[in-house]
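Mapped onto the numbering used here, the consecutive letters of the sequence shown carry residue numbers 3 to 415.
Glycine included, every Cβ here is placed at the ideal spot set by N, Cα and C.
Since we're looking at a predicted model, the values are computed, not measured.
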Amino acid sequence: MISGIFINRIALSGFIRSSASHREILIRVVLIAFCLGLWFGILYAFLVVLLVLAWLLDGGHKKLWLLLKEPLVQAIGIFCCLLLLGLFWAETFLEGRHKWTKYLLLLIYIPFLSLLNQQRLPWVMGAAGAGFGLVLLGGLYAWLVEQQQGIPLFNMTYLTFSALLGTASVFLCCCACMSRNRMLQILFFSLALVFLYLQFQQSARSFLLATLATQVIVLMIYFRVSLRTLAQITGSVLLVVIAFAYTSPVISERWLQARLDFENIRLGQYNNSIGYRLALWDVGLQGIAEKPFLGHGTGMPERYFDQAVVHYKNGIYANLPMFQQTSHYHNDWIEIGMHLGALGVTSFMYLLWAWYRVLAQNRLDLPAVAMVSFVFFSGLTETFLVFARMPVFLLVITAIAVSWQRLRLNPVA
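Okay, structure coming up:
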């Protein structure tokens, strides 16, 4: 009798250990698949669901209150909750392209961060690096062989690919500044220039400018800038920009297009790239002025633009909805202000501060400045947070960096 109970207990403990082992393998497979498949639009939604299920399987919901102590988790939660609350004062949220729902993908940071531990982190870092390498090879093939912008194979636009190249260049610049080894510094700076050169071959002016502005800030902080040093940094960056721009037919073409756009704007024609942006910002600021505190409600900005341009300023923008279907305002601050007014803009400011804070708390001050600066500058001419892949990728990098740094500083944890 006693021996039978003892045997049953041994069998039960063996089953539990086996189940735990299988569960751990499953979680690692999901994390690896998520990092590798992040760039495949077809798999994206499926992988997000798998990640959440893996988090629940790991008991992550039990650690949610502990996670809520993290400033970035708090900020993301507040921002997304406000977006959902904004549905209550929107006139209608069933129409339109529902671009605002992509903001909710920021919540992926919570289960992803929760799933990382000392055993899983190397696998995740390897998968994230392999995924980036795969995208880079696809981009090089599209540029050199197919003579195309972006990566058609991954259904990735030139905007997303340019943002990815800019992120890599800024990251390598930070690595060079933080490295104490002279040879590694040279290597990282050289690679940063290579990625910057590749970014010059894409047509995305906005992300290129965001990259350059961010790198200037990073170098200013690293060299603890005096006026003389600032002039030297600015001169060096200008030389690089002139050299890369001179050798890039894409930049020459975009510069010519910009000149034509400004000429058309002077003639009162806004159905071009720059004119359309200026019109969106003009109407967006007017919309925020009408409802400055709570905005027009989640999902309303695109509908507001289509209705307002008919009469606004005697209808000078009236034909723009036919020129391009309205989906966003090409500016994070105006877009969020239209959704939620000052309440939304304040929550976005808190999100950027929390993003900086979580990195700085883990002794990653320079990457913290670089990350927030890149998101800020990108959001001035694009609605960066609704680029489904890039914000999630940056949050994945943030989670990996924070987890790795915590384990390095406190190996027992």
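The beta carbons of residue 190 and residue 398 sit about 21 Å from each other, so the pair does not count as a contact at 8 Å.
When Cβ pairs closer than 8 Å are counted between the two stretches, the segment 326-340 is seen to touch the segment 288-307, the count reaching three or more.
With a threshold of 16 other beta carbon atoms within 10 Å, residue 391 meets it and is buried.
Residue 153 sits in a strand when the DSSP states are folded into three classes. In the three-state reduction of the DSSP assignment, residue 302 falls in the coil class, being assigned neither a helical nor a strand state.
Residue range 207-224 is occupied by the alpha helix (DSSP H) that includes residue 217. For residue 351, DSSP records no beta bridge to any residue. Between the segment 324-335 and the segment 107-121 there are fewer than three inter-stretch CB-CB distances shorter than 8 Å, so the stretches are not counted as touching. Taking 8 Å as the cut-off, the Cβ atoms of residue 252 and residue 205 count as close.
CA-to-CA, the gap between residue 263 and residue 141 works out to about 28 Å. About 5 Å separates the Cβ atoms of residue 175 and residue 217, confirming a contact at the 8 Å cut-off. For the pair residue 165 and residue 380, the CB atoms are nearer than the 8 Å cut-off. With 16 or more other Cβ atoms from the protein chains shown falling within 10 Å of its own Cβ, residue 373 counts as buried. Here the alpha carbon of residue 220 sits roughly 9 Å from the alpha carbon of residue 375.
The residue among 178, 22, 197, 349 with its C-alpha nearest the C-alpha of residue 243 is 197. Each residue's CA atom was taken as its position, placing residue 192 and residue 185 some 11 Å apart. Secondary structure note for residue 275: its alpha helix (DSSP H) is the uninterrupted segment 275-292. 368 is the residue among 385, 135, 368 whose C-alpha sits nearest the C-alpha of residue 178.
Our two residues, residue 101 and residue 350, have alpha carbons roughly 17 Å apart in a direct line. When Cβ pairs closer than 8 Å are counted between the two stretches, the segment 50-65 is seen not to touch the segment 142-153, the count staying below three. Under the DSSP definition of a beta bridge, residue 158 partners with 153.
Secondary structure of residue 269 (DSSP, three-state): coil.
For residue 144, the uninterrupted alpha helix (DSSP H) run begins and ends at 123-146, by DSSP.
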